Amino acid sequence: MKTLDKVVEFHGHICPGLVLGYRVSMLALKELGERAEDEELVAIVENNSCAVDAVQVMTGCTFGKGNLIFRDYGKQVYTFIKRPSGDGLRISIIWEAPPEKEEEKKMWERYMRGDHADEVLKAVHGRKSRKIDAIMHASDEQLFRVTKGKFDLPEEAEIYPSIRCSVCAEKVMEPRARIKDGKIVCIPCQERE
Ligand SMILES: [Zn+2]
Ligand SMILES: [Zn+2]
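To convert, note that position 75 of the sequence shown is 75 in our numbering; the numbers rise steadily by one, no gaps.
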């Protein structure tokens, strides 16, 4: 089992979003089993926040393997589906950060205006670590609304042959090639005048 340290190492810093993604992944693995070596587990993520990095490290559903699917809905929803059964889990985050105190609000406003005075940084970091702590110690019920069931499996990632763009001569996977003035071109070359 990967640890939070591994997730932080990959992501570059610790933050509330990352820790939420870590908790989401822990629940998914608990319910659905092993992390994915290949494509036996698929994740559909509905945002591209810090949390998604935790999902990739923890569950093995990665952008590169094609078993991480991004739907740009801006929602904190994560669906995990097992191949080939289609058994899955939809996890929607319901957790709300504890309300900010007046003082914290003021400090945050100063921070956003570019004020990096010691007291401001201390307050901002303090707020962040309290959030992280709260997420780590919350129960699954406090964090998530979970739906279990059968889900439709997205198509498996396909590998396509490469062909060469007639303008820049770089290789491009066939379904992404375009025809311009009767010649095969890549998308950037097609869009360039
Ligand atoms: Zn982050
Ligand atoms: Zn080109």
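For glycine and all other residues, C-beta sits at the position ideal for the given N, C-alpha and C.
Quick caveat: nothing in here was measured; it's all calculated off a predicted structure.
In terms of residue numbering, what span does the beta strand (DSSP E) encompassing residue i cover?
| i | result |
| --- | --- |
| Arg-90 | 87-93 |
| Leu-68 | 68-70 |
| Leu-41 | 41-45 |
May I have the straight-line CA-CA distance separating residue i from residue j, to the nearest angstrom?
| i | j | result |
| --- | --- | --- |
| Phe-10 | Ala-51 | 12 Å |
| Lys-2 | Gly-12 | 16 Å |
| Met-107 | Ile-93 | 27 Å |
| Ala-54 | Cys-15 | 11 Å |
| Ser-129 | Met-173 | 44 Å |
| Ile-91 | Ser-166 | 46 Å |
| Arg-176 | Ile-187 | 7 Å |
| Asp-152 | Asn-47 | 19 Å |
| Ala-97 | Gln-142 | 11 Å |
| Arg-164 | Lys-183 | 10 Å |
| Gly-211 | Glu-102 | Outside the shown range of the chain (1 to 193) lies residue 211, about which nothing can therefore be said. |
| Glu-109 | Glu-170 | 47 Å |
| Ser-25 | Asp-140 | 11 Å |
| Arg-127 | Glu-104 | 8 Å |
| Val-120 | Pro-99 | 18 Å |
| Ser-85 | Val-185 | 40 Å |
Locate the alpha helix (DSSP H) running through residue i, then write down its first and last residues.
| i | result |
| --- | --- |
| Leu-32 | 16-32 |
| Glu-9 | 4-11 |
| Asp-195 | Residue coverage of the chain in this structure runs from 1 to 193, which leaves residue 195 outside it and unanswerable. |
In the DSSP output, which residue or residues are listed as bridge partners for residue i?
| i | result |
| --- | --- |
| Thr-79 | Ile-44 and Arg-90 |
Check: Near ligand 2, which residues have their beta-carbon less than 5 Å from any of its heavy atoms, given in chain order?
Finding: Cys-165, Val-167, Cys-168, Cys-186 and Cys-189
Note to self: Please enumerate, following chain order, all residues with a beta carbon closer than 6 Å to at least one heavy atom belonging to ligand 1.
What the structure shows: His-11, His-13, Cys-15, Gly-17, Leu-18 and Cys-50
Checklist line | Runs of beta strand (DSSP E) wholly within the region 83-150 (minimum 3 residues, chain order) | finding: 87-93 and 144-150
Checklist line | Sequence ranges, beta strand (DSSP E) only - wholly within the region 159-187, length at least 3 | finding: 162-164, 171-173, 178-180 and 183-185
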